[in-house]
Every structure is written in structure tokens, then in C-alpha cells.
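Chains X and Z, in that order, are what the protein sequence lines are. Numbers in my numbering are just positions in the first sequence, counted from 1, shifted up by 7. Numbers in my numbering are just positions in the second sequence, counted from 1, shifted up by 35. Even for Gly, the Cβ is constructed at its ideal location relative to N, Cα and C.
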Amino acid sequence: MGEATVRALRKLGVPVRFREAQTCCGQPAFNSGFWDDAKPLARKFLDLFEDADTDQIVVPSGSCASMIRVFYSELFQDDPADLERVKKVAPKVFELSEYLVDVLGVPGDTGFPENADAPEVSVTYHDACHLTRELGAATQARAILNALPGVELTELDQSEVCCGFGGTFAVKYADISGAMLKDKVERIDASGADVVTACDASCLMHIGGGLEKRCSKVRPKHLAELIDEALP
Amino acid sequence: MKVKTRDFNKGAAVAIRDEKVQKSLLGLYNGFHKARISAAADTPDWELLRERARQVKNRTIANLDYYLESFEKKVTELGGVVYFAPDAAAASKYVLDLAKARGVRTVIKGKSMISEEMGLNEQLTEAGIEPVETDLGEYVIQLAGETPYHIVAPAIHKDRHDVSKLFQEKLGTPHIEDIEGLGKEAREQLREKFIIADMGITGANFLVAETGTLGLVTNEGNGRMASSMPRIHVALAGMERVVPTMEDMSMFLRLLIRSATGQRISSYVTLVNGLRRPADEDGPEEFHVVIVDNGRSRMLADPELREALNCIRCGACLNACPVYRKVGGHSYGYVYPGPIGAIVTPMLTGLGDAKDLPFASSLCGACKEACPVKVNIPRMLLALRRDLTDGKKNPADKRSTLAERLSFKAWRVLFGSNALLGLSTRIGRLMQVPLVRNGAIRWLPGPLGGWTRHRTLKPLPRSSFRDRWADHLADDPANHIGNDDSSGRQQ
Numbered sequence: 008m009g010e011a012t013v014r015a016l017r018k019l020g021v022p023v024r025f026r027e028a029q030t031c032c033g034q035p036a037f038n039s040g041f042w043d044d045a046k047p048l049a050r051k052f053l054d055l056f057e058d059a060d061t062d063q064i065v066v067p068s069g070s071c072a073s074m075i076r077v078f079y080s081e082l083f084q085d086d087p088a089d090l091e092r093v094k095k096v097a098p099k100v101f102e103l104s105e106y107l108v109d110v111l112g113v114p115g116d117t118g119f120p121e122n123a124d125a126p127e128v129s130v131t132y133h134d135a136c137h138l139t140r141e142l143g144a145a146t147q148a149r150a151i152l153n154a155l156p157g158v159e160l161t162e163l164d165q166s167e168v169c170c171g172f173g174g175t176f177a178v179k180y181a182d183i184s185g186a187m188l189k190d191k192v193e194r195i196d197a198s199g200a201d202v203v204t205a206c207d208a209s210c211l212m213h214i215g216g217g218l219e220k221r222c223s224k225v226r227p228k229h230l231a232e233l234i235d236e237a238l239p
Numbered sequence: 036m037k038v039k040t041r042d043f044n045k046g047a048a049v050a051i052r053d054e055k056v057q058k059s060l061l062g063l064y065n066g067f068h069k070a071r072i073s074a075a076a077d078t079p080d081w082e083l084l085r086e087r088a089r090q091v092k093n094r095t096i097a098n099l100d101y102y103l104e105s106f107e108k109k110v111t112e113l114g115g116v117v118y119f120a121p122d123a124a125a126a127s128k129y130v131l132d133l134a135k136a137r138g139v140r141t142v143i144k145g146k147s148m149i150s151e152e153m154g155l156n157e158q159l160t161e162a163g164i165e166p167v168e169t170d171l172g173e174y175v176i177q178l179a180g181e182t183p184y185h186i187v188a189p190a191i192h193k194d195r196h197d198v199s200k201l202f203q204e205k206l207g208t209p210h211i212e213d214i215e216g217l218g219k220e221a222r223e224q225l226r227e228k229f230i231i232a233d234m235g236i237t238g239a240n241f242l243v244a245e246t247g248t249l250g251l252v253t254n255e256g257n258g259r260m261a262s263s264m265p266r267i268h269v270a271l272a273g274m275e276r277v278v279p280t281m282e283d284m285s286m287f288l289r290l291l292i293r294s295a296t297g298q299r300i301s302s303y304v305t306l307v308n309g310l311r312r313p314a315d316e317d318g319p320e321e322f323h324v325v326i327v328d329n330g331r332s333r334m335l336a337d338p339e340l341r342e343a344l345n346c347i348r349c350g351a352c353l354n355a356c357p358v359y360r361k362v363g364g365h366s367y368g369y370v371y372p373g374p375i376g377a378i379v380t381p382m383l384t385g386l387g388d389a390k391d392l393p394f395a396s397s398l399c400g401a402c403k404e405a406c407p408v409k410v411n412i413p414r415m416l417l418a419l420r421r422d423l424t425d426g427k428k429n430p431a432d433k434r435s436t437l438a439e440r441l442s443f444k445a446w447r448v449l450f451g452s453n454a455l456l457g458l459s460t461r462i463g464r465l466m467q468v469p470l471v472r473n474g475a476i477r478w479l480p481g482p483l484g485g486w487t488r489h490r491t492l493k494p495l496p497r498s499s500f501r502d503r504w505a506d507h508l509a510d511d512p513a514n515h516i517g518n519d520d521s522s523g524r525q526q
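If you want it as C-alpha cells, here you go:
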């Protein structure tokens, strides 16, 4: 998925750099109430990305992007110095589909380049929660999918309803989460698509695990993978 | 009401296994939830309205003392009595003393969540006074000896067969199959009670500070009956129900009703202005408003959680919540279920015992999106999680286990360093070998076992993105547009 993100961006003409020292934005600890353990990692992120050369930071998961853009200011509400840094870095953070459509302007009027070799694939789209409701990006991925060569988009019933992941929620409240997941994968199967896509690695891990558990033929694929496969 | 917040997981397990309950809960999505969305879409400037309402609420809650005093003054001028009850017990005592002093034998009740907080029905019954719920859903719940399942639709978990059986058992009616017939039966049962009742007890959706007006929203007209037929009317209200002006109430009515049921206006909106005046044909001889604190001051005092007092009790967050639609209303163990209940209940009844409520959420944000006054529920759930975890706000509420604390310390150390993260990934690849079957992990030990009950887990891949970046991505010739090789590799 990470590799596909780099390739997709480069195919669209974007130079990509990667800060090798980066690890995690801190969301698992933050969501679990361990704010003091989340802070050092959030600060590490800020240290690495607050330099003036970094214009745009592309994050291929809506949840991680919303952690930085929305929730860092909650995490650092009582740390004014860090809050100042957050205010500088957060606006540079984009989830991948947001970045492609809102910043880069693809597919635009011209669309994506033709590609006779693009695989024919029927795709359904799951709206990742934080992408949709924290970042407010529900249309961007659809615009990309509708324009990708070889891709046919079928809407998923209740696509905006959570798959039940929620980080440690899926382990601590595994049966509640499992009941939510069951509804989601049943609807994905009913969509008739070959592939379910989303703009969040963790939703896809969860949904993928649920699909495999019920021996479904539908495969989970990140939007970046579909772009990478469809573009020459 | 007896607090059972500690039994959340037990309640959730029961609800998830109950197919009939699951069907009713699923119906909330296609019913109330979609009705709200289309009602909002049909309302011009819906988003503007939400924002204005949020601001009015913030201002009102910040000046609650002023508006409550103003309301009290107006009601007193209208000949009514306002009593401020510090807690549920004081509120109950006031109502019981009044009922006894006036020789009340039968009380008809409109829907009131505060009455549930007080456990008023049990206390009236103990005192030899018959309380009769007159909202159809509440009536069903009362017959069944249960508590409300939903803020707006208290008997949403029961279908017509359940109600038919209940009526046969409790009222001795013949078998009635259709909903209309059941409604007719309830109406006949209740009519007599309306006539003989000496006291009507209602809730209050709004207390209008500038006029002393009480606003009641119902679809069955029972609020109007309960507030006008008996000789004594007692209204119970949480202290956050106050709104500054009639115009404000009109705005909240638009938001409340559309968000609750998707209707543009409910069948009845009843405005009560004190007691019967000489020229009036009906109305009570006595009018009392009991304004209840019962823990709300604690919420008011907490700047992070004060926003929960903005809630107008429309139930939209329940209908929108995929967790509520699985675990149902009783699991939450108190009067207020669902996302808003997960904040209000711990604040009213004690955070420590209600520790599951803030954590049993995927933080999907559907509640925040649905809320007509834009209450940021996920933000408050996160704050409560933090308070339960670190105990800094109140050490008595600390519920994190040593194992959890150590796990996150270890996580922080591992993810703090690239070298350690790389090392632990390599160890993980070795450790997962015996667990991988046909390309997936299908069983995990101990507390992680919950994951594999419902899903498989993808094993760690042979090489990480970091490896591949160093191996071929950083210098990929495809990266033709000025790859700047200061790519942070030196860092």
C-alpha cells in the first residue's frame, strides 16, 4: 500500500520524499486515553515535518491524517508551544484522495491518461469514518474511481456506516465490533464487486480480515493500489 | 433509577444475540435516521440553523443562573411555583409531599426522562399513588416493568406481537394482531385514567426564560392532556432545558422535531403558561415546575464536558450510532443510552463504574454529524477516556490496568525509535510463523483472541515499506521529477 502510494503519486508527476525517521502519529495511544504516551510520538512527527521545505504532507489513511489535522490540537490543548507548531504543520497534511483532487486537480477536465493495459475491475467504495466525517472528504475518492481506466464503481449500501474497527475497540469490544463488521462485509458481498476499496489502511485491514473469515471472494485494495494498477 | 452501568458488556452480549432486537435496531437506520437526513436536506439553511442553535446553547448554558432565575420569576408571576431540586431524591420528595398533601390517588404522566432519573413511578406506587404513563411507548414499558430503550421511542425494541402478548397478560385483553387495534386498546385503558387523575406529571422540552412558558413536544397529545386535565400539573425538567426567548424555542423546535422523527412538526406542540385563569375553560388549579440538577452542576463546572448540556434530547445520535444499533438501549445501564448517554450517564452516575461507556465506541463520528446542535460527542468521549486512563482529573476514576499502562509505555518506546521498530518487526515476523495458516493468522492468544473470533489478520509482510524505500523506491528512475535525495534519509 505504501509502495503503491509512492508509485501512484509519481505516475501523476508528484516528486515524493520519505522521512525515514517517522514512525506513528500517536493515534492508538491517544484514542485509548494514554495522552502522555501519545505526546512524544506526536512531537516526533512535528519535529520531522515542521521544516519549511515540506510543502505538503500526503497521508494515505484518513484516520492518521485526521489525527494530525484535527486531534493534535485536542492532544496539545494545554501545551501552547506544541499547539503553535500544530497550527503550522496541520494545514499541510492531506489524505491521499483529498490531495489528488483538491490540490493536484486530478482527474480534472482531461481525466486520467488512457491505458489499454489497465485491468477491468468492478469496485465498491467504503467511506472511511475519519476521512468522511472529520476531514469532510466524501466525494474525492469517488471522482477518482469514476475516472480511472478499467474501473467500474458500484455504490455500496450504507457505505458511510463504520466497519467497526476503531483501533483497540476491535479487540476490547471484539463482539460488538464483530457484529458491526458482519453487517459491513455482508453488504460488500451483496454489492457484487470484485474489490472493496477505501482510503484508510486500518479499515481495509479490518474489512479484509472479515471478508477472509467468511471466505468471500471480494478483495480489499487501497485506493492507491487501484490508481497504481490503472495508470500507465 | 437503579444504575447498572457496570453491566454494559453483559447487556451488549444479550442484545447482539437477540435477533428480534437486532431487527428493530437496524430499522432505526432506514427509519428515523434517513427521515432526519431527508428532513434536514429539505430545510433551507439547515447548517446555519445548527450553528446558530449551537451558539444560543453555548450562551444559555454559560449564563444558566440568569436564565433560570428569569424563568422562575415569570412562572411565579403566572401563579406557578418553581422548585429547584439539587438531586433526584429532593425532586421526588417534593412531588411525593405535594401529592400526599393534596390527597392525590392517581397520577397521569407524560413522557419525562427526569422522572426516570428519579425513579418516580416506584416511589409513587410505594406511597399508594397510582402512576400511569400515557405516552404509548412509555405505557408499554411500564406494563412490562422495564426502562426506556430509546430517548424518543422508549419501546422500540418491542414489536406488535410483544405488545399484544403483554396486553393479554397485564390487561386481560383478547389477542390483538394489528397496531391500530393495540393503539385503540391502550387509548381505552388510558381514557378512564385521564378522567380520574388528580395530578398530571409531564416533562419539559423547553423552559422559556422570557415568558415562563413550558414547551412540550408530543405526537399523541398526551402531554396536552396531562398538563390540562388534572387539577394539579407538575412539570419535571433538567436545569439545562431553559432557552432565552420564544423565538429561540421556535428555532429549537425546527431542529428537534426534524432530528427526532424527520417530521416538520410533531402532531402536538403544547405551550403551557401557568395555571387556569378565570376565563379559561380548562387548565390546572396548581402549577409546579421542578427543575432538577442531579449532577448537572458537575457537568457545568467541567469546561471539557459542559457541551453535553447543549443536548436537546432528540435521539438523532442514537439512530446514527452503529454501536447503539448493535447493543441497544438497556446495555448503557441508565436513563440515557447511545453516544450522548455515554457522556451524560458517566457524568451523572459516576465515571468509574461507567468506564465501558466512553470506550465502547469506534469514534466514527456519526453522532457528531447527526447532532442538530453540533455537540462534539467524539471529543468528549476522548476526554473521558483520558480521565479514566490517567486519573489526573479524579484519581478515584482511574481504571486503566497495569498491563495496559505497561503496553502503551512499551509501544511508545518501540515507536519512538526506528531501530527498535525495525527490530520488533523482525521479531514479529519470526513469532507469527506458527500462527500463519493459508496466508492469514486465524487464531491469536489471550486478549487478542477477540480479533480472530470475527476476522483473520494479515501477517507482517516479508519486507517493510521502509526496506523497499531504501532498496528501490528512493532512487526509482520513474521518480523523474527532481527527486530531492535529501529525502530525510540522513535524519
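By the rule that beta-carbons nearer than 9 Å mark a contact, Z:Asn-44 touches chain X. Sequence-distant Cβ neighbours of Z:His-68 in its own chain, meaning closer than 6 Å and more than five residues away, are Asn-354, Ala-355. Within the region 202–235 of chain X, contact with chain Z at the beta-carbon level (separation under 7 Å) is assigned to Met-212, His-213, Gly-215, Gly-216, Gly-217, Glu-219, Lys-220. Of the candidates X:Thr-146, X:Leu-155, X:Cys-136, the residue whose Cα lies closest to the Cα of X:Thr-117 is X:Leu-155. Contact between Z:Ala-120 and Z:Val-325 holds, since their C-beta atoms are separated by about 6 Å, short of 8 Å. The C-alpha of Z:Arg-311 lies about 30 Å from the C-alpha of Z:Glu-157. The C-beta of Z:Arg-299 has fewer than 16 other C-beta atoms within 10 Å across all chains shown, which makes the residue exposed. X:Ile-214: member of the alpha helix (DSSP H) spanning 208–220, first to last residue.
The beta carbon of Z:Glu-151 sits closer than 8 Å to the beta carbons of Met-36, Thr-182, Pro-183, Val-370 from its chain, once the five residues preceding and following it are set aside; these are given in chain order.
Between X:Arg-194 and X:Asp-164, the gap from beta carbon to beta carbon is short of 9 Å.
For the pair Z:Glu-104 and Z:Ala-244, the Cα-to-Cα distance works out to about 8 Å. Here Z:Phe-241 carries a strand assignment [DSSP, helix/strand/coil]. In this structure, Z:Gln-57 is the residue among Z:Pro-496, Z:Ile-164, Z:Gln-57 with its C-alpha nearest to the C-alpha of Z:His-192. Cys-136, His-137, Thr-139, Arg-140, Glu-141: these are the residues of the region 129–150 of chain X whose beta carbon lies less than 9 Å from some beta carbon of chain Z, given in chain order. Look at the region 68–95 of chain X: the residues with a C-beta under 8 Å from a C-beta of chain Z are Phe-78, Glu-81.
The residues Leu-249, Ala-270, Ala-272, Arg-276, in chain order, have a CB closer than 6 Å to that of Z:Ala-239 in the same chain once the five nearest residues on each side in sequence are set aside.
Setting aside the 5 residues that flank it on each side, X:Gln-147 is surrounded in the same chain by Ser-104, Glu-105, Val-108, each with a C-beta closer than 6 Å to its C-beta; the list follows chain order.
Secondary structure in the region 84–119 of chain X: the beta strand (DSSP E) runs of 3 residues or longer, each lying completely within the stretch, are 100–102 in chain order.
C-alpha of Z:Pro-381 to C-alpha of X:Val-130: approximately 43 Å in a straight line. For X:Glu-10, the closest Cβ of chain Z is nearer than 9 Å.
Between the C-alpha atoms of Z:Val-448 and Z:Leu-455 there is a straight-line separation of about 8 Å. Residue pairing by DSSP places Z:His-323 opposite Z:Val-116, Z:Val-269 in a beta bridge. The C-beta of X:Glu-167 comes closer than 9 Å to at least one C-beta of chain Z. For X:Ile-151, no beta strand (DSSP E) segment is defined; the enclosing uninterrupted segment is the alpha helix (DSSP H) at 147–154. Taken in chain order, the complete alpha helix (DSSP H) segments of 4 or more residues contained in the region 30–78 of chain X are 34–38, 42–56, 69–73. Pairing X:Lys-51 with Z:Lys-427, the inter-Cα distance amounts to about 24 Å. CA-to-CA, the gap between X:Arg-26 and X:Leu-16 works out to about 16 Å. Exclusion of the five residues before and after Z:Leu-217 leaves Arg-195, Val-198, Ser-199, Phe-202, Ile-211 as the residues of its chain whose Cβ lies within less than 7 Å of its Cβ. The residue from Z:Tyr-102, Z:Trp-478, Z:Pro-482 with its alpha-carbon nearest to that of Z:Lys-493 is Z:Trp-478. Linking X:Gly-171 to X:His-133 through their CA atoms gives a straight-line distance of about 12 Å. Pairing Z:Asn-429 with Z:Glu-342 gives a Cβ-Cβ distance that is not under 9 Å. The contact set of Z:Thr-491 on chain X, defined by CB atoms closer than 7 Å, consists of Gly-216, Glu-219, Lys-220 in chain order. For X:Leu-188, the chain Z residues whose Cβ falls inside 7 Å of its Cβ are His-489, Arg-490, in order along the chain.
With its beta carbon less than 9 Å from one in chain Z, X:Pro-47 belongs to the interface.
Under the 9 Å criterion on CB atoms, X:Asp-182 is classed as interfacial with respect to chain Z. Using a CB distance below 8 Å, the part of the region 12–28 of chain X facing chain Z consists of Val-13, Arg-14, Arg-17, Lys-18, Gly-20, Val-21, Pro-22, Val-23, Arg-24, Phe-25, Arg-26, Glu-27, Ala-28, ordered along the chain.
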